[in-house]
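Written out below as structure tokens is the structure these notes cover.
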Ligand code: ADP
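Numbering (our numbering), first residue to last: 12 to 631.
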């Protein structure tokens, strides 16, 4: 019973399961401390009292009986010495008178009996009316010359009596018996009075015991209340609370232990919270998507990057099956592979969630020092951008190789022709040499453009492009001047419209190169005698520079890719015109280095407008 109570005491969570109602029921089943202490106190006291009463009453009885016996012995011996030597049984009258005198003086009943059992003297009755006393045990004993003692009911006086008898001798012969008797009723009455007192004392003591046990229960309960209050505070999470109980050393030590436990618990919780926060921060700041699943493949933890990558709300996925949250066969296959492998798994996965995406996936089993599997940790790195860059790089290398190969093949071919005799052909040789020179120039142009592009990109990446407040109209004039020969060649008029005081935070050389490239294209793709219009203006917080021509224009389907490297609308035509396909890519990167944008509007047969838009940055 007690063990069960203790077990329940230490397993309060079980009772929490059954709710407040069960707790009340449980409380009803457990008695208050006073009702546990009081009955045991009372029982012990009553048992002690009863034992004491028994002992006292039996000791008192024995004492009284011994006292009475000693008194009777003294009386009988005194009477014996009075009657003996010589004892003449014939003097019945005298003997009877002596019995009465002695009896009334000593307060005992005195009797004299002959060996035949005949009573010849008695202090309380007439001897003539008394029966033969020879069968009385004390008389029998006295007849054998010993002291006869007996306690029994006397039919003569109708009372419980104690008798002591001694022989009376005449010339060494037993001539009679002298007997003294006292009623023992008084002793019993005295004893029963004592018993009553003991009962009264018992009741008083029981009441006192109730008071004392109430006091003790209250006194024990006081520190227990403090400790209980403290434990409740701890249970409700107030681990800074401290218990200072009144009362004994044991309670103080218990409180000290509980306080220590609370401190440790507090420190441990702080530590765990800190570790959890660190982990959360780490996970949140990771670019990689992290998902932890348990052995039932339910999501235990995941970070924002995972939610973003797979398109779910992180707050709602905890404890949900990963199959339900990420409906992708590849991810599920990868998880199975991780759970079935003892070693970490690494794979590239292609998924199609939000367009085609490439992931590098890493999976590790979670064992937690236990041979059984606790779950798995999955980390996904989105390598789509890397893959795109890798593709762009490959494409670029292929394009560069192709662009370089054409002039080199041509140069090699004509050199071989010259070597195999054409050099002596005075008519053809100069023409061949001119072709070789033209292709060499082309190679140089391509390489210059590539170098220029790479330089701008490097500056763009490292932010090392120097910007300064420059007058935009000066930059535009410089670009127009450098294109003037080509314009004159095709008799194209270049008009300029820009305010004299339009200033921008730009790199003048690079901006001149960009506008130059746009102008060069405008001249290239416009017919003779047309006009190219250059405009510079401020619109809101932007500086807009546009180059407008009335040339052939660009079909709409080519517009989105026009700024890619080596992209041309008409490859053969562009090449024939000496274009490298890098001009607009260079423009794009120069503009990007200025945090700006470049756009194109074009109508086939009517012309194109290229617009550079730069943010106005007041001189820092
Ligand atoms: P390219 O050296 O071939 O001119 P660009 O990068 O400067 O290379 O231009 C890419 C392509 O864009 C050109 O091949 C051409 O087809 C088209 N293009 C550029 N500017 C114009 C323009 N002003 N009018 C028509 N087409 C143009």
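Positions of the beta carbon are idealized from the N, C-alpha and C atoms, including for glycine.
1. Quick one: Cα of residue 17 to Cα of residue 54, how far?
2. When we look at the beta-carbon of residue 464 and count the other beta-carbons within 10 Å, is it buried (16 or more) or exposed?
3. Would you report the Cα separation of residue 573 and residue 617, rounded to the nearest angstrom?
4. Please name the residue, chosen from 443, 585 and 624, that lies closest to residue 557 on a Cα-to-Cα basis.
5. For a test of your reading of the model: does the CB of residue 545 fall under 7 Å from any non-hydrogen atom of the ligand ADP? Yes or no.
6. Around the Cβ of residue 147, are there at least 16 other Cβ atoms within 10 angstroms (buried) or fewer (exposed)?
7. Measure the CB-CB distance between residue 67 and residue 220 and report whether it falls below 8 Å.
8. Per DSSP, what kind of secondary structure is residue 494 in: helix, strand or coil?
9. Quick check: residue 637 and residue 333, are their CB atoms within less than 8 Å of each other?
10. Can you name the residues that DSSP bridges to residue 172?
11. Using a threshold of 7 Å, is the CB atom of residue 533 nearer than that to any non-hydrogen atom of the ligand ADP?
12. When you compare only the Cα positions, how much space is there between residue 628 and residue 548?
13. Does the Cβ-Cβ distance between residue 2 and residue 592 come in under 8 Å?
14. Quick check: the Cα distance between residue 175 and residue 153, rounded to an integer number of angstroms?
15. Let me check one thing: in DSSP terms, what residues is residue 360 bridge-paired to?
16. Would you kindly check if the distance between the Cβ of residue 545 and the Cβ of residue 507 is under 8 Å?
17. Is it the case that the Cβ atoms of residue 505 and residue 483 are separated by a distance below 8 Å?
18. Per DSSP, residue 313 forms a beta bridge with which residues?
19. What residue does the alpha helix (DSSP H) around residue 452 start on, and which one ends it?
20. Just to confirm, are residue 632 and residue 177 a CB contact at a threshold of 8 Å?
21. DSSP three-state call for residue 79: helix, strand or coil?
22. Enumerate in chain order the residues of its own chain whose CB-to-CB distance from residue 20 is below 7 Å, with the five nearest sequence positions on each side excluded.
23. Which residues does DSSP pair with residue 387 in a beta bridge?
24. Look up residue 549 in the DSSP assignment and say whether it is helix, strand or coil.
25. Roughly how many angstroms separate the alpha carbons of residue 343 and residue 351, rounded to a whole number?
26. By DSSP, does residue 128 sit in helix, in strand, or in coil?
27. Identify which residue in 447, 620 and 425 has its Cα closest to the Cα of residue 562.
28. To the nearest angstrom, how far is the alpha carbon of residue 331 from that of residue 369?
29. For residue 555, which of helix, strand or coil comes out of DSSP?
30. Which residues share a DSSP beta bridge with residue 612?
31. Among residues of its own chain, excluding the 5 on either side of residue 394, which ones have a beta-carbon nearer than 7 Å to its beta-carbon?
32. CB residue 590 to CB residue 535, shorter than 8 Å?
33. Name the DSSP beta bridge partners of residue 480, please?
34. DSSP has residue 177 in a bridge; who is on the other side?
35. So who's on the other strand from residue 332, going by DSSP bridges?
Taking the definition as stated:
1. Confidence at residue 17 is low in this model, with a pLDDT of 36, below 50, so the placement of that residue should be treated as unreliable; the coordinate-derived value is given next. Residue 17 and residue 54 have their C-alpha atoms spaced approximately 24 Å apart.
2. Counting Cβ neighbours within 10 Å, residue 464 comes out buried, since at least 16 surround it.
3. Using only the alpha carbons, I get a separation of about 18 Å.
4. Ranked by Cα distance from residue 557, the options 443, 585 and 624 are led by 624.
5. Closer than 7 Å to some heavy atom of the ligand ADP: that does not describe the Cβ of residue 545.
6. Looking at its Cβ environment, which holds 16 or more other Cβ atoms inside 10 Å, residue 147 is buried.
7. No, the Cβ-Cβ distance between residue 67 and residue 220 is not below 8 Å.
8. Helix.
9. Nothing can be reported for residue 637: it is not among the residues displayed for the chain, which extend from 12 to 631.
10. Answer is 163 and 194, bridged to residue 172.
11. Yes, the Cβ of residue 533 comes within 7 Å of a heavy atom of the ligand ADP.
12. Their Cα atoms are separated by approximately 15 Å.
13. With the chain covering only 12 through 631, there is no way to say anything about residue 2.
14. Straight-line Cα distance between these residues: approximately 9 Å.
15. Partner(s): 370.
16. Contact: yes.
17. In terms of Cβ geometry, residue 505 and residue 483 do not form a close pair [threshold 8 Å].
18. For residue 313, the beta-bridge partners assigned by DSSP are 302.
19. Taken as a continuous stretch (DSSP letters only), the alpha helix (DSSP H) holding residue 452 covers 439–473.
20. Not covered by the structure: residue 632. The range shown for the chain is 12 to 631.
21. If DSSP states are grouped into helix, strand and coil, residue 79 belongs with the helices.
22. Per-residue confidence for residue 20 stands at a pLDDT of 42, beneath the threshold of 50, marking its modelled position as unreliable; the derived number appears in the next sentence. No residues qualify anywhere along the chain.
23. When beta bridges are read from the DSSP output, residue 387 appears opposite 304 and 376.
24. Three-state result, residue 549: strand.
25. Rounded to the nearest angstrom, the two C-alpha atoms are 12 Å apart.
26. In this structure, residue 128 counts as coil in the three-state DSSP scheme.
27. The option with the nearest alpha carbon to residue 562 is 620.
28. Distance from the CA of residue 331 to the CA of residue 369, rounded to the nearest whole angstrom, comes to 25 Å.
29. If DSSP states are grouped into helix, strand and coil, residue 555 belongs with the strands.
30. According to DSSP, which records beta bridges pairwise, residue 612 is partnered with 620.
31. Result list for residue 394: 369, 370 and 371, in chain order.
32. In this structure, residue 590 lies near residue 535, with their beta-carbon atoms less than 8 Å apart.
33. Per DSSP, 516.
34. In DSSP, residue 177 forms a bridge with 189.
35. 309, per the DSSP bridge assignment.
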